[in-house]
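Residue numbers (my numbering): 15 to 356.
Some notes on the structure that comes next.
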Ligand SMILES: NC(=O)c1ccc[n+]([C@@H]2O[C@H](COP(=O)([O-])OP(=O)(O)OC[C@H]3O[C@@H](n4cnc5c(N)ncnc54)[C@H](OP(=O)(O)O)[C@@H]3O)[C@@H](O)[C@H]2O)c1
């Protein structure tokens with residue numbers, strides 16, 4: 015694996031919700047950078063962004079020359095990744111891609127830092143960052159899998175609107191304003207439909223039991239990511255995953271309620287011991303349950319509501335919450351970039 019001591023870094027999608035978080039995390043972690051390039055669409059070209067590495071003018075992805083870039087952090091959507099990531103990789107960059115474009119490609123490692131770091135060694139130019147919901151639950155499932163072998167996982171997500179980027183945040187804010195003048199109608203009925211078609215139903219004061227778009231046999235693409243990416247990350251094809259992905263009116267932080275069963279019985283004491291010492295997470299007890307407001311802006315995944323399963327004994331139930339823009343996306347990408355440092 016090619017490593018770097020003082021790399022030239024590019025952020026593609028630098029003006030987005032994830033891209034701006036990538037930049038601030040690179041700054042916070044004092045990532046060694048010889049030259050930083052910020053790239054977005056023609057809409058942002060010429061904008062100047064102030065950074066630790068100076069004032070940087072945003073470049074246009076369509077016309078950019080990737081020569082000289084050592085590490086490229088891609089976060090501009092799957093279509094852009096499919097078109098441009100191979101171009102950057104063939105120009106010599108190690109690409110860390112935040113979209114779903116290459117995640118299930120057999121030649122591309124799918125890596126959750128602190129869970130399956132060693133997988134990055136096999137990369138051939140492109141490394142995939144997992145889906146934000148999968149990433150959060152893998153931080154808890156990974157250590158338990160290493161201890162006891164994960165066999166079955168029922169998982170229901172509670173996904174925030176920042177998972178849809180800046181547009182999702184703006185949509186929730188505008189719908190809250192829209193409904194504020196008609197709060198009584200939210201109880202009695204008769205409310206007016208808000209503007210916007212980002213989600214199939216209003217998101218403010220509501221819960222949408224369908225996150226993503228319907229893909230195969232009635233499950234959404236988000237739900238299939240949870241199935242397929244979990245198996246790839248944990249390197250076990252026969253893990254049975256039963257997913258439901260739900261969008262909730264939360265600005266930031268994806269929560270997952272999961273029940274897991276293993277190759278053998280896991281009791282509460284063992285789960286506490288495993289998760290209490292797992293990296294990148296905090297185990298909370300029921301005196302202060304972890305919520306999205308607690309996880310916003312922090313690096314750790316928060317895990318709580320830990321208990322032994324009662325319907326099908328022998329397993330563990332828990333709730334995990336993580337900042338989807340940080341560990342769910344930007345932080346993990348930067349942690350993978352750190353694995354590429356000499
Ligand atoms: N939000 C999350 O929690 C999350 C988590 C994991 C993965 N992701 C993935 O990360 C990617 C970005 O998500 P986001 O939430 O940051 O979205 P966002 O806030 O909508 O930002 C999108 C970024 O992509 C750029 N972009 C869009 N179209 C482009 C084009 N034709 N050419 C070049 N750049 C273009 C935008 O540039 P302009 O500002 O110039 O339009 C912007 O920088 C997506 O692939 C998403 O699936 C997001």
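Yeah, the Cβ is synthetic: ideal placement off N, Cα and C, and Gly gets one too.
> Shortest alpha-carbon distance to residue 224 belongs to which of 43, 173, 57?
Replying inline: Here residue 224 is taken as the residue at index 210 of the chain shown, counted from 1. Answer by Cα proximity: 173.
> By a C-beta neighbour count over all protein chains shown, 10 Å radius and 16 as the cutoff for buried, is residue 230 buried or exposed?
Replying inline: On the chain shown, residue 230 is found 216 positions in, with the first residue counted as 1. Looking at its Cβ environment, which holds fewer than 16 other Cβ atoms inside 10 Å, residue 230 is exposed.
> Where does residue 245 fall in DSSP's three states?
Replying inline: Mapped onto the chain shown, residue 245 falls at position 231. Of the three classes helix, strand and coil, the one that applies to residue 245 here is helix, per DSSP.
> What three-state label does DSSP hand residue 129 in the structure shown?
Replying inline: Here residue 129 refers to the residue found at position 115 of the chain shown. Correct three-state label for residue 129: coil.
> Excluding sequence positions up to five away, which residues of its chain have a Cβ less than 8 Å from the Cβ of residue 158?
Replying inline: For the purposes of this step, residue 158 is identified with residue 144 of the chain shown, where counting begins at 1. Cβ within range, chain order: 164, 274, 276, 280, 285, 288, 289, 330.
> Does the beta carbon of residue 150 fall short of 7 Å from some heavy atom of ligand 1?
Replying inline: Taking the first residue of the chain shown as position 1, residue 150 is located at position 136. No; taking the cut-off as 7 Å, the Cβ of residue 150 has no heavy atom of ligand 1 nearer than that.
>> What ranges does the beta strand (DSSP E) occupy inside the stretch 211 to 236, keeping only unbroken runs of at least 3 residues that lie completely in it?
In response: 228 to 230
> Can you name the start and end residues of the alpha helix (DSSP H) that residue 296 belongs to?
Replying inline: Counted from its first residue, the chain shown places residue 296 at position 282. First-last for residue 296: 295 to 297, but that is the beta strand (DSSP E), not the alpha helix (DSSP H).
> What number of angstroms, rounded off, separates the C-alpha of residue 62 from the C-alpha of residue 210?
Replying inline: As a first step, residue 62 must be located in the chain shown, where it is residue number 48. As a first step, residue 210 must be located in the chain shown, where it is residue number 196. Spanning the two alpha carbons is a distance of roughly 30 Å.
> If we ignore side chains and look at the alpha-carbon of each, how far apart do residue 193 and residue 186 end up?
Replying inline: Translated into positions along the chain shown, residue 193 becomes position 179. Translated into positions along the chain shown, residue 186 becomes position 172. Each residue's alpha carbon lies about 11 Å from the other.
> Do residue 130 and ligand 1 come close, with the Cβ less than 7 Å from some heavy atom?
Replying inline: Taking the first residue of the chain shown as position 1, residue 130 is located at position 116. Outside the cutoff, so no.
>> Suppose contacts are defined by Cβ-Cβ distances below 8 Å. Is residue 141 in contact with residue 110 by that definition?
In response: Stepping through the chain shown from its first residue, residue 141 is reached at position 127. Stepping through the chain shown from its first residue, residue 110 is reached at position 96. Closer than 8 Å, so yes.
> According to DSSP, is residue 325 helix, strand or coil?
Replying inline: Along the chain shown, read from residue 1 onward, the residue named residue 325 stands at position 311. Looking at residue 325 - three-state DSSP - the assignment turns out to be coil, as it is neither helix nor strand.
>> What does DSSP give as the partner residue(s) for residue 274 in the beta ladder?
In response: Counting from one through the chain shown, the residue named residue 274 turns up at place 260. In DSSP, residue 274 forms a bridge with 167, 330.
> Who are the Cβ neighbours of residue 36 in its own chain at under 7 Å, not counting the five residues just before and after it?
Replying inline: Here residue 36 refers to the residue found at position 22 when the chain shown is read from its first residue. Excluding residues within five positions, the ones whose Cβ falls inside 7 Å are 25, 87, 89, 344, 347, 348.
> Going by the CB atoms, is the gap between residue 257 and residue 282 shorter than 8 Å?
Replying inline: Translated into the one-based positions of the chain shown, residue 282 becomes position 268. Translated into the one-based positions of the chain shown, residue 257 becomes position 243. Not closer than 8 Å, so no.
> With distances taken from CA atoms, which of 299, 270, 322, 341 is nearest residue 334?
Replying inline: In the chain shown, the residue the question calls residue 334 occupies position 320. Per the Cα distances, 270.
> I think residue 107 touches residue 353, with their Cβ atoms under 8 Å apart; what is that distance to the nearest whole Å?
Replying inline: The residue you call residue 107 lines up with position 93 of the chain shown. The residue you call residue 353 lines up with position 339 of the chain shown. No, residue 107 and residue 353 are not in contact; Cβ-Cβ is about 15 Å, not under 8 Å.
>> Does the beta-carbon of residue 244, which I'm using as the reference point, lie nearer than 7 Å to any heavy atom of ligand 1?
In response: Position 230 of the chain shown, counting from 1, holds the residue named residue 244. Answer for residue 244: no, Cβ out of range of ligand 1.
>> Here's a check: name, in chain order, each residue in its chain whose Cβ is nearer than 6 Å to the Cβ of residue 138, leaving out the five neighbours to either side.
In response: Position 124 of the chain shown, counted from the first residue, corresponds to residue 138. Closer than 6 Å at Cβ, skipping near neighbours: 121.
> What residues sit near ligand 1, counting only those whose C-beta is closer than 6 Å to one of its heavy atoms, in chain order?
Replying inline: 27, 28, 29, 30, 31, 32, 33, 54, 55, 57, 58, 75, 89, 90, 91, 92, 94, 112, 113, 146, 176, 177, 179, 180, 181, 338, 339, 342, 343
>> Taking 6 Å as the limit between beta carbons, can you name the residues of its chain near residue 205, skipping five residues before and five after?
In response: On the chain shown, position 191 is the one that residue 205 refers to. For residue 205, where only same-chain residues beyond five positions count, the Cβ hits under 6 Å are 196, 199.
>> Relative to the C-alpha of residue 342, which candidate in 298, 123, 149, 215 has its C-alpha closest?
In response: Stepping through the chain shown from its first residue, residue 342 is reached at position 328. It is 149 whose Cα lies nearest to the Cα of residue 342.
> Which first and last residues belong to the alpha helix (DSSP H) in which residue 34 is found?
Replying inline: Residue mapping note: residue 34 aligns to position 20 of the chain shown, counting from 1. Start and end: 31 to 42.
> Start and end of the alpha helix (DSSP H) containing residue 193?
Replying inline: As a working note, residue 193 is residue 179 in the chain shown. Unbroken alpha helix (DSSP H) run through residue 193: 179 to 194.
>> In whole angstroms, give me the CA-to-CA distance for residue 124 and residue 130.
In response: Here the question's residue 124 lines up with position 110 in the chain shown. Here the question's residue 130 lines up with position 116 in the chain shown. Each residue's Cα considered, the two are about 9 Å apart.
> Quick one: Cα of residue 251 to Cα of residue 182, how far?
Replying inline: Residue 251 sits at position 237 when you count from the first residue of the chain shown. Residue 182 sits at position 168 when you count from the first residue of the chain shown. Near 33 Å, if we compare the C-alpha coordinates of residue 182 and residue 251.
> Is residue 85 near ligand 2, judged by its Cβ being under 7 Å from some heavy atom?
Replying inline: The model depicted lacks ligand 2 and carries ligand 1 instead.
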